[in-house]
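Student: In this text, residue positions in the sequence shown follow the numbering used here: the first is 1, and each later residue adds one.
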Amino acid sequence: MTLDIPTGTDAVLTSDTHLIQSFANLHALKQDGARTAIVEASGAMVKDSEGNELIDGIGGLWCVNVGHGRPEIIDAITQQLKTLDYYSTFYNFTHPAAAALAEKVASLAPGQLNHVYFGNSGSVANDTAVRILHHYNNLRGKPQKKKILSRMGAYHGSTHMAMALTTPAYSDGWGAVEGLVTHLRAPHKYREAPELSDEEFLKLLEQDMLDTIHRIGADNICAFFAEPIQGAGGVITAPPGYHKRMREITAQHDIAYVADEVVTAWGRLGHMFASKDAFDYTPDIITTAKGLTSGYQPLSATIISSEIHEVISRPEAMFLHGMTYSGHPAAAAAGLANIAILENEGIPARVQTTGKLFENTLRGLGDMAMVGEVRGSHFMMGIEFVKDKATREEFAPDANIGGAVAQAAQQRGLIARALGNILILSPTLIMDEAMITDIGAILRDSIGEVSDSLGL
Ligand code: PMP
Numbered sequence: 001m002t003l004d005i006p007t008g009t010d011a012v013l014t015s016d017t018h019l020i021q022s023f024a025n026l027h028a029l030k031q032d033g034a035r036t037a038i039v040e041a042s043g044a045m046v047k048d049s050e051g052n053e054l055i056d057g058i059g060g061l062w063c064v065n066v067g068h069g070r071p072e073i074i075d076a077i078t079q080q081l082k083t084l085d086y087y088s089t090f091y092n093f094t095h096p097a098a099a100a101l102a103e104k105v106a107s108l109a110p111g112q113l114n115h116v117y118f119g120n121s122g123s124v125a126n127d128t129a130v131r132i133l134h135h136y137n138n139l140r141g142k143p144q145k146k147k148i149l150s151r152m153g154a155y156h157g158s159t160h161m162a163m164a165l166t167t168p169a170y171s172d173g174w175g176a177v178e179g180l181v182t183h184l185r186a187p188h189k190y191r192e193a194p195e196l197s198d199e200e201f202l203k204l205l206e207q208d209m210l211d212t213i214h215r216i217g218a219d220n221i222c223a224f225f226a227e228p229i230q231g232a233g234g235v236i237t238a239p240p241g242y243h244k245r246m247r248e249i250t251a252q253h254d255i256a257y258v259a260d261e262v263v264t265a266w267g268r269l270g271h272m273f274a275s276k277d278a279f280d281y282t283p284d285i286i287t288t289a290k291g292l293t294s295g296y297q298p299l300s301a302t303i304i305s306s307e308i309h310e311v312i313s314r315p316e317a318m319f320l321h322g323m324t325y326s327g328h329p330a331a332a333a334a335g336l337a338n339i340a341i342l343e344n345e346g347i348p349a350r351v352q353t354t355g356k357l358f359e360n361t362l363r364g365l366g367d368m369a370m371v372g373e374v375r376g377s378h379f380m381m382g383i384e385f386v387k388d389k390a391t392r393e394e395f396a397p398d399a400n401i402g403g404a405v406a407q408a409a410q411q412r413g414l415i416a417r418a419l420g421n422i423l424i425l426s427p428t429l430i431m432d433e434a435m436i437t438d439i440g441a442i443l444r445d446s447i448g449e450v451s452d453s454l455g456l
């Protein structure tokens with residue numbers, strides 16, 4: 001059957017009035033020209049319904065790591081659907097694709113992270129981690145050990161629990177699960193304590209963690225959630241040695257360290273997993289999604305240590321957690337094919353060079369008047385725009401300078417993501433030198449255009 005889905009701009013945007021978009025001002029989307037219909041994608045590029053070819057500077061949504069339209073993944077999904085379209089992993093059932101992917105993921109994950117629960121989004125992976133840790137502590141006879149530490153600037157997802165872990169700005173006006181989560185200071189020196197050295201700032205963050213543990217009581221805290229680099233909070237990199245030190249502190253207090261690698265895994269920072277290989281710490285749980293299938297199928301993984309797995313596998317324990325699509329055969333096949341591409345083409349190792357070039361190209365924009373801070377690593381970068389570079393004076397939160405720059409960039413053929421006065425770039429990992437140079441030039445022109453229009 002060929003589906004007859006219209007791809008013309010008018011048709012798509014008419015149908016689209018029935019679609020509720022994500023993280024959008026739904027009122028503003030009703031204005032003419034406020035929405036872009038993407039109709040095709042190939043490699044590092046996408047095409048909109050007007051026929052414009054655009055560089056996908058955000059890799060779908062930090063997820064299309066191996067590039068768009070890879071026949072290997074599409075064929076693997078199709079083949080799997082022809083063989084076994086669906087079966088669950090409930091009760092005593094399993095199937096070859098989910099089992100093979102779990103084994104593969106466990107073989108790549110650091111340390112003793114040997115057991116995998118599949119979900120279909122990063123949000124669900126984080127909710128699953130919370131549920132597993134609560135269950136684990138009940139089984140260990142520590143039913144009061146349920147509270148969670150997160151950080152300002154964090155993004156962990158949009159389900160009710162994951163949103164409670166996320167920085168409160170994201171649930172503004174909505175409310176979030178109350179009483180379970182405490183947010184530590186954001187590890188963002190540029191905004192929190194620019195006058196301090198990295199070492200001094202790290203000490204301050206350590207003290208914040210220790211004070212918070214002592215105030216709440218280690219016996220009441222089950223987990224610390226942290227992204228290796230905060231993504232949707234504005235691409236915030238912690239001072240050197242931060243994760244290692246936090247990992248030591250949490251271990252001393254019997255608090256599980258959950259590394260949210262939804263964005264940072266699968267090559268984006270030059271490694272399959274960033275926690276161990278980029279930042280030198282091994283968490284108790286890794287949650288991941290996005291680049292696990294490069295977005296070809298919705299799939300996430302909550303990867304837990306053997307120690308936690310042993311407790312939740314005790315004879316008296318029932319694992320009362322399950323999602324219909326956990327380990328979906330088509331998603332598992334996509335994951336296996338995607339990881340094969342990452343390995344066969346040596347993409348993470350290649351990113352150590354190309355990603356560094358991308359990072360340095362963007363850092364080169366730091367000489368521009370409106371650019372306050374360029375931050376991030378490899379193919380995960382953010383640019384913060386400021387009114388006054390010397391004083392770091394911010395634009396008004398609703399000035400949306402990132403939006404203005406993103407619009408100027410899109411007119412020049414590059415999709416970037418605005419986050420208030422920050423611009424985020426997280427392209428596919430298959431960028432070559434020429435494309436990276438193009439992105440740098442487009443950004444320089446776009447930022448220049450906006451700063452000229454503001455008279456800066
Ligand atoms: N954690 C992080 C670090 C993320 O960036 C995201 C999504 N951007 C999530 C969790 C949630 O993932 P999902 O949107 O697939 O639920």
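Every residue, glycine too, gets a C-beta built ideally from N, C-alpha and C.
Give me the residue from ALA125, GLU384, LEU19 and THR36 with the minimum Cα distance to ALA301.
Tutor: When only C-alpha atoms are compared, the closest one is ALA125.
Student: Comparing the CB of TYR91 with every heavy atom of the ligand SAM, is any distance shorter than 6 angstroms?
Tutor: By its list of ligands, the structure shown excludes the ligand SAM, since it contains just the ligand PMP.
Student: Pull the bridge partners of ARG375 from the DSSP assignment, please.
Tutor: GLY382
Student: Got a sec: does the ligand PMP put a non-hydrogen atom nearer than 6 angstroms to the Cβ of VAL262?
Tutor: yes
Student: Tell me, please, which residues DSSP counts as bridged to ASP56.
Tutor: Beta-bridge pairing links ASP56 to ILE415.
Student: Going along the chain, which residues of its own chain have a beta-carbon closer than 7 angstroms to the beta-carbon of LEU454, five neighbours each way excluded?
Tutor: none
Student: Which same chain residues end up closer than 6 angstroms to ALA334 when comparing Cβ atoms and leaving out the 5 residues on each side of it in sequence?
Tutor: ILE73, ILE77, THR293, TYR296 and GLN297, listed in sequence order.
Student: Count Cβ pairs between the stretch 133-143 and the stretch 310-321 that sit closer than 8 angstroms; are there 3 or more?
Tutor: yes
Student: Quick one: does the C-beta of ALA274 sit closer than 6 angstroms to a heavy atom of the ligand PMP?
Tutor: The beta carbon of ALA274 sits no closer than 6 angstroms to any heavy atom of the ligand PMP.
Student: Closest by CA to GLY231, which one among SER15, GLN80, LEU54 and SER377?
Tutor: From the listed residues SER15, GLN80, LEU54 and SER377, the smallest Cα separation to GLY231 is found for SER377.
Student: Kindly examine the ligand PMP and report whether one of its heavy atoms sits closer than 6 angstroms to the Cβ of SER123.
Tutor: In this structure, SER123 has its CB closer than 6 angstroms to one or more heavy atoms of the ligand PMP.
Student: Considering only residues of the stretch 301-347, which uninterrupted alpha helix (DSSP H) runs meet the minimum length of 4 residues and lie entirely inside it, listed in chain order?
Tutor: 306-312 and 329-344
Student: Measure the alpha-carbon distance for ALA409 versus ARG191 and round it to whole angstroms.
Tutor: 26 angstroms
Student: At which residue ranges does the stretch 183-217 contain complete alpha helix (DSSP H) runs of 4 or more residues, listed in the order of the chain?
Tutor: DSSP runs (the alpha helix (DSSP H)) wholly in the stretch 183-217: 189-192 and 198-216.
Student: Excluding the 5 residues flanking GLY267 on each side, which residues of the same chain have their C-beta closer than 7 angstroms to its C-beta?
Tutor: ASN65, GLY291, LEU342, ILE347, PRO348, VAL351 and LEU429
Student: For GLY157, which residues from the same chain have a beta carbon less than 6 angstroms from its beta carbon, with the 5 sequence-adjacent residues on both sides left out?
Tutor: GLY122, SER123 and ASN126
Student: According to DSSP, ASP48 sits in a beta bridge with which residue or residues?
Tutor: ILE38
Student: Buried or exposed: THR288, going by 16 or more other Cβ atoms within 10 Å of its Cβ?
Tutor: buried
Student: How big is the Cα-Cα spacing for LYS146 and ALA164?
Tutor: Taking C-alpha positions only, LYS146 is separated from ALA164 by approximately 14 angstroms.
Student: I need the DSSP call for ALA226, collapsed to helix, strand or coil.
Tutor: strand
Student: Which residues bound the alpha helix (DSSP H) around VAL105?
Tutor: VAL105: member of the alpha helix (DSSP H) spanning 96-108, first to last residue.
Student: Can you tell me the Cβ-Cβ gap for PRO414 and ILE55, rounded? I've got them flagged as a contact below 8 angstroms.
Tutor: Note that residue 414 is Leu in the sequence shown, not Pro. Right, their Cβ atoms sit about 5 angstroms apart.
Student: Opposite GLU394 in the DSSP bridges: which residues?
Tutor: VAL386
Student: Say yes only if the C-beta of ALA232 is nearer than 6 angstroms to one or more non-hydrogen atoms of the ligand PMP, and no if none qualify.
Tutor: Under cutoff, so the answer is yes.
Student: Return helix, strand or coil for LEU13, following the three-state DSSP convention.
Tutor: helix
Student: Indicate whether TYR257 and THR250 have their beta-carbon atoms separated by less than 7 angstroms.
Tutor: yes
Student: Might you give, ordered along the chain, the residues of its own chain that have their beta carbon closer than 7 angstroms to the beta carbon of VAL177, omitting 5 neighbours on each side?
Tutor: HIS160, MET161 and ALA164
Student: Could you name the residues of the same chain whose beta carbon sits closer than 7 angstroms to that of GLN80, not counting the 5 residues immediately before and after it, in chain order?
Tutor: ALA97, PRO329, ALA330 and ALA333
Student: Decide if ARG247 is buried, meaning its Cβ has at least 16 other Cβ atoms within 10 Å, or exposed.
Tutor: buried
Student: Do the stretch 279-286 and the stretch 100-116 touch if we need at least three Cβ pairs shorter than 8 angstroms?
Tutor: yes
Student: So is ILE468 buried or exposed if we call it buried at 16+ other beta carbons inside 10 Å?
Tutor: The structure shown has nothing for residue 468, since the chain only spans 1 to 456.
Student: Is there at least one non-hydrogen atom of the ligand PMP closer than 6 angstroms to the beta-carbon of GLY157?
Tutor: Checking the Cβ of GLY157 against the ligand PMP gives yes.
Student: Would you kindly check if the distance between the Cβ of GLY233 and the Cβ of LEU153 is under 7 angstroms?
Tutor: According to the sequence shown, residue 153 is Gly rather than Leu. Yes.
Student: Taking the straight line between their C-alpha atoms, what separation do you get for PRO427 and ILE229?
Tutor: Computed Cα separation, rounded: 16 angstroms.
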